[in-house]
Amino acid sequence: MIFKRTVAKLRAQDWVAIAIELLIVIIGVFVGIQAANWNQARVERLQTERMLSELQPGLEHFIGFFDTAKPYYATTRAYADNAFAGWRGDPGVSNEQFVISAYQASQVYGLEINAVNWARIFGGDQVRSIDDPDIRRGLASLMSVDFADVGPAAVRTRYREQVRKVIPEDIQDLIRDRCGDRPIPGRPLLAHLPATCDLDLAPDRWAEAAAALRAHPDLVGELRWHLAAVATFLFNMGKIDQRTRNLSNGIRKLEG
5 MIFKRTVAKL
15 RAQDWVAIAI
25 ELLIVIIGVF
35 VGIQAANWNQ
45 ARVERLQTER
55 MLSELQPGLE
65 HFIGFFDTAK
75 PYYATTRAYA
85 DNAFAGWRGD
95 PGVSNEQFVI
105 SAYQASQVYG
115 LEINAVNWAR
125 IFGGDQVRSI
135 DDPDIRRGLA
145 SLMSVDFADV
155 GPAAVRTRYR
165 EQVRKVIPED
175 IQDLIRDRCG
185 DRPIPGRPLL
195 AHLPATCDLD
205 LAPDRWAEAA
215 AALRAHPDLV
225 GELRWHLAAV
235 ATFLFNMGKI
245 DQRTRNLSNG
255 IRKLEG
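In case it helps, my numbering puts the sequence shown at residues 5 to 260.
Take a look at the structure:
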């Protein structure tokens with residue numbers, strides 16, 4: 005209709021009316037484009053808010069891991085101290101506790117995460133669409149983290165490998181079954197390690213296993229290296245822990 009009216013006015017040389025008609029068309033196109041842009045921005049903002057909300061449970065899982073990793077490695081350190089005493093021949097450490105401690109000191113607990121998928125979920129465009137600058141920086145900072153530093157591989161040292169070559173497999177099976185990682189009620193992906201372990205096994209079996217361990221004094225040095233790896237793991241974890249808590253708190257305030 006507008007096109008037909010415009011042609012008619014051109015024939016009548018009604019330039020004022022033509023200008024008004026064109027202005028109406030231009031304004032209509034402009035308003036339509038602006039409305040589409042506003043709607044697209046609103047949709048993207050809602051998507052980002054939804055993704056941040058969906059991200060929060062993952063952050064809470066990270067924090068849960070950090071909270072349980074600290075006591076877990078405090079427990080393995082206590083076992084390591086007992087193992088050192090066993091290698092020194094300390095009479096206060098029985099053969100049973102020496103062997104159990106040498107094994108439990110090798111237990112590891114890491115955060116399983118696919119960093120590639122993590123970065124893919126919140127790509128650069130998603131990060132840039134976040135209005136809050138603190139959350140934007142916090143998420144970008146967390147995305148730059150190398151999660152391999154707090155993965156199980158970071159603490160799977162030569163000690164873990166070598167000590168398990170020496171301790172008889174039936175004893176290892178028994179320790180794992182009775183005193184291995186235990187899931188935390190209501191949080192099946194998290195675990196704790198029992199601080200004590202007493203097993204019913206003939207004394208001569210413990211004596212044989214303890215003698216086998218003492219025949220490998222090189223394991224003492226390997227255990228020291230293992231503890232150094234755990235210390236590095238905990239240091240790296242502390243930095244990621246703080247970033248995660250800051251981001252989680254920021255999202256919670258945004259939602260509240």
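The beta-carbon is built from N, C-alpha and C at its ideal position, and this holds for glycine as well.
- Which listed residue (167, 115, 86) has its alpha carbon closest to that of residue 217: To locate residue 217, count along the sequence shown from 1; it is residue 213. Among 167, 115, 86, the Cα nearest to that of residue 217 belongs to 167.
- C-alpha gap between residue 144 and residue 247, whole angstroms: For the purposes of this step, residue 144 is taken as residue 140 along the sequence shown, with counting starting at 1. For the purposes of this step, residue 247 is taken as residue 243 along the sequence shown, with counting starting at 1. C-alpha separation (whole angstroms): 10 Å.
- Local Cβ density within 10 Å of residue 139, reported as buried at 16 or more and exposed below that: Counted from its first residue, the sequence shown places residue 139 at position 135. Residue 139 comes out buried.
- Item | N- and C-terminal bounds of the alpha helix (DSSP H) containing residue 223 | To locate residue 223, count along the sequence shown from 1; it is residue 219. 222-259 is the span of the alpha helix (DSSP H), which, as asked, contains residue 223.
- Message: Using beta carbons (cut-off 8 Å, strictly below), is residue 136 in contact with chain C?
- Response: Here there is only one protein chain, and chain C is not present.
- beta strand (DSSP E) segment containing residue 186, residue limits: On the sequence shown, position 182 is the one that residue 186 refers to. Its beta strand (DSSP E) spans residues 186-188.
- Query: Between the C-alpha atoms of residue 208 and residue 180, what's the straight-line distance to the nearest angstrom?
  - Reply: The residue you call residue 208 lines up with position 204 of the sequence shown. The residue you call residue 180 lines up with position 176 of the sequence shown. One C-alpha to the other measures close to 20 Å.
- Task: Pull up the distance between the alpha-carbon of residue 73 and that of residue 37, whole angstroms please.
- Result: Start at 1 with the first residue of the sequence shown, and residue 73 comes out as number 69. Start at 1 with the first residue of the sequence shown, and residue 37 comes out as number 33. CA-CA distance, residue 73 to residue 37, rounds to 53 Å.
- Message: Which residue marks the beginning of the alpha helix (DSSP H) containing residue 2, and which one marks its end?
- Response: Since the first residue of the chain shown is 5 and the last is 260, residue 2 is not available in this structure.
- Query: Among 98, 89, 108, 70, which residue has its Cα nearest to the Cα of residue 176?
  - Reply: In the sequence shown, residue 176 corresponds to position 172, counting from 1. Ranking the options by Cα distance to residue 176, first place goes to 108.
- Start-to-end residues for the beta strand (DSSP E) that takes in residue 218: The residue labelled residue 218 in the question sits at position 214 within the sequence shown. Not the beta strand (DSSP E): residue 218 falls in the alpha helix (DSSP H), residues 207-218.
- Closest to residue 116 by CA distance: which of 134, 147, 66 is it? Counting from one through the sequence shown, the residue named residue 116 turns up at place 112. Answer by Cα proximity: 66.
- May I have a chain-ordered list of the alpha helix (DSSP H) segments no shorter than 4 residues that lie completely inside the stretch 151-203? With a minimum length of 4 residues, the continuous alpha helix (DSSP H) runs that stay inside the stretch 151-203 are 162-170, 173-183.
- Task: Within the same chain, show all residues whose beta-carbon is closer than 6 Å to that of residue 87, passing over the 5 residues directly before and after it, in chain order.
- Result: What you label residue 87 is simply residue 83 of the sequence shown in a count that begins at 1. Only 105, 106, 109 meet the Cβ criterion.
- Taking one C-beta from the stretch 148-158 and one from the stretch 185-193 each time, how about it: are there three or more such pairs within less than 8 Å? no
- Message: Which of the three DSSP states is assigned to residue 103 in this structure?
- Response: Within the sequence shown, the letter at position 99 stands for residue 103. Here residue 103 sits in helix by DSSP.
- Message: Taking the alpha-carbon of residue 215 as reference, which of 249, 172, 78, 59 has the nearest alpha-carbon?
- Response: For this step, residue 215 is matched to residue 211 along the sequence shown. Measuring C-alpha to C-alpha distances from residue 215 to each of 249, 172, 78, 59 identifies 172 as the nearest.
- Message: For residue 79 and residue 233, which I take to be in contact (beta-carbon distance under 8 Å), what is that distance rounded to the nearest angstrom?
- Response: As a working note, residue 79 is residue 75 in the sequence shown. As a working note, residue 233 is residue 229 in the sequence shown. Incorrect: roughly 16 Å between the Cβ atoms, too far for contact.
- When DSSP labels each residue in this structure, what does residue 111 get in the three-state scheme? In the sequence shown, counting from the first residue as 1, residue 111 sits at position 107. Correct three-state label for residue 111: coil.
- Query: In chain order, what residues of the same chain have a beta carbon less than 6 Å from the beta carbon of residue 56, not counting five sequence neighbours either side?
  - Reply: One-based indexing of the sequence shown puts residue 56 at position 52. Answer for residue 56: 255, listed in chain order.
- Assign residue 236 to one of two classes, buried (16 or more other C-beta atoms within 10 Å of its C-beta) or exposed (fewer than that). Taking the sequence shown and counting its residues from 1, one reaches residue 236 at position 232. Under the 10 Å beta carbon count, residue 236 is surrounded by fewer than 16 other beta carbons and is classified as exposed.
- Query: Between the beta-carbon of residue 226 and the beta-carbon of residue 163, is there less than 8 Å?
  - Reply: The sequence position of residue 226 within the sequence shown is 222, counting from 1. The sequence position of residue 163 within the sequence shown is 159, counting from 1. Taking 8 Å as the cut-off, the beta carbon of residue 226 is found closer than this to the beta carbon of residue 163.
- Are the CB atoms of residue 231 and residue 82 nearer to each other than 8 Å? Reading the sequence shown from its first residue, position 227 is the one you call residue 231. Reading the sequence shown from its first residue, position 78 is the one you call residue 82. Going by beta carbons, residue 231 and residue 82 fall outside the 8 Å limit.
- Message: Please tell me whether residue 160 and residue 112 are closer than 8 Å, where the distance is taken between their beta carbons.
- Response: Start at 1 with the first residue of the sequence shown, and residue 160 comes out as number 156. Start at 1 with the first residue of the sequence shown, and residue 112 comes out as number 108. Yes, the Cβ-Cβ distance between residue 160 and residue 112 is below 8 Å.
- Query: What is the C-beta distance between residue 182 and residue 201, in whole angstroms, given that I count them as a contact (C-beta under 8 Å)?
  - Reply: As a first step, residue 182 must be located in the sequence shown, where it is residue number 178. As a first step, residue 201 must be located in the sequence shown, where it is residue number 197. Going by Cβ atoms, the distance from residue 182 to residue 201 rounds to 7 Å, so yes, they are a contact pair.
- C-alpha gap between residue 70 and residue 245, whole angstroms: By one-based count along the sequence shown, residue 70 stands at place 66. By one-based count along the sequence shown, residue 245 stands at place 241. Looking at the two C-alpha atoms, the distance is approximately 6 Å.
- Is the beta carbon of residue 196 less than 8 Å from the beta carbon of residue 76? Position 192 of the sequence shown, counting from 1, holds the residue named residue 196. Position 72 of the sequence shown, counting from 1, holds the residue named residue 76. For residue 196 and residue 76, yes; Cβs fall inside 8 Å.
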